[in-house]
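Peer 1:
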């Protein structure tokens, strides 16, 4: 039955979106992290999605091809009283933009919900097909 | 006489298989809504159904799958080529096509999520309708057989 591969396709999308949600969570958690003594602060991460064929037929799922670090410059905040401040009184923080991450989070959760709904519908249809002729 | 009785069922079962195919395709589109460079696909149900009724279900299904080997349906020189028009190729009169892009996006993804969701619900309702047709027809045949 070809509709069974819907579960594979939507399952791959759910797993990819939950990984995206994980990355967003770690970005948000580290949004205010201060750079250590080596000056290397936390760099925001982004997932890269890629289409992947599912089985031999025309359906295609999705997978996370890579997780890339953002190249934006680290944020510098003037705070001379901070213990990690440099000679000029600047503290190096992560380059995460919390607003962008919140938008990313909402987008990921909506996509996740969409795919859950697709799976639910496919399940309902398959169950009704099982009851055919009764 | 029995063929007359089940021809309606035959038609509906072909429709059911094609609806399941389309459901799968829309699920792929929704799954890849955030994938850069993904091109949304859809099934032209009318053409696929025409193929299924005219040339048998197998030729309609091979028109759906992109791996159909050559334009006349042969993968071996000893195969009998199918009549032209029974197997679609991408671009000219195919049943599997790419959806038209309504709002171009920068990452090359052509999935319109609202439309895909609408298509998904539409397709599942029609799938259920086909199922009910089959159920009621089989009940009709059963009651005719039992004569009660």
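Protein chains in written order, with this note's numbering: chain A, 1 to 134; chain B, 135 to 282. Think of the CB as a built atom: it goes at the ideal place given N, C-alpha and C, for glycine as much as any other residue.
Just to confirm before moving on: does the CB-CB distance between residue 153 of chain B and residue 257 of chain B stay below 8 Å?
Peer 2: Taking the second chain and counting its residues from 1, one reaches residue 153 of chain B at position 19. Taking the second chain and counting its residues from 1, one reaches residue 257 of chain B at position 123. Their beta carbons are under 8 Å apart, which means residue 153 of chain B touches residue 257 of chain B by this criterion.
Peer 1: Keeping to the same chain, check which residues put their C-beta closer than 6 Å to that of residue 10 of chain A; ignore five residues upstream and five downstream.
Peer 2: In the first chain, the residue the question calls residue 10 of chain A occupies position 10. Once the five neighbours on either side are set aside, the close Cβ partners of residue 10 of chain A are 115, 118, 119.
Peer 1: With a cut-off of 8 Å, does the C-beta of residue 181 of chain B fall near any C-beta of chain A?
Peer 2: Here residue 181 of chain B refers to the residue found at position 47 when the second chain is read from its first residue. Not one chain A Cβ lies under 8 Å of residue 181 of chain B.
Peer 1: For the beta strand (DSSP E) that residue 73 of chain A lies in, which residues bound it at each end?
Peer 2: Locating residue 73 of chain A in the first chain gives position 73, counting from the first residue. Counting along the chain, residue 73 of chain A falls outside any beta strand (DSSP E), and DSSP gives it neither H nor E.
Peer 1: Suppose the cutoff is 8 Å on Cβ atoms and the five residues either side in sequence are ignored; what does the same chain contact list for residue 76 of chain A look like?
Peer 2: Position 76 of the first chain, counted from the first residue, corresponds to residue 76 of chain A. Within the same chain, residue 76 of chain A has close Cβ partners 90, 91, 92, 93.
Peer 1: For residue 118 of chain A, go through chain B and note every residue whose CB falls closer than 7 Å to its CB, in chain order.
Peer 2: In the first chain, the residue the question calls residue 118 of chain A occupies position 118. Chain B residues near residue 118 of chain A: 161, 164, 254.
Peer 1: Does the segment 25-42 of chain A come close enough to the segment 156-166 of chain B to have 3 or more Cβ pairs within less than 8 Å?
Peer 2: No, the segment 25-42 of chain A is not in contact with the segment 156-166 of chain B.
Peer 1: Using a Cβ-Cβ cut-off of 6 Å (strictly less than) and excluding sequence neighbours within five positions of residue 111 of chain A, which residues of its own chain qualify?
Peer 2: Taking the first chain and counting its residues from 1, one reaches residue 111 of chain A at position 111. Correct list, in chain order: 17.
Peer 1: Looking at the structure shown, is residue 177 of chain B part of a helix, part of a strand, or coil, going by DSSP?
Peer 2: Start at 1 with the first residue of the second chain, and residue 177 of chain B comes out as number 43. It is a strand residue.
Peer 1: In whole angstroms, give me the CA-to-CA distance for residue 252 of chain B and residue 31 of chain A.
Peer 2: Locating residue 252 of chain B in the second chain gives position 118, where the first residue counts as 1. Locating residue 31 of chain A in the first chain gives position 31, where the first residue counts as 1. About 38 Å.
Peer 1: DSSP state of residue 137 of chain A, grouped into three classes?
Peer 2: Shown here, chain A extends from 1 to 134; a query on residue 137 of chain A therefore has no answer.
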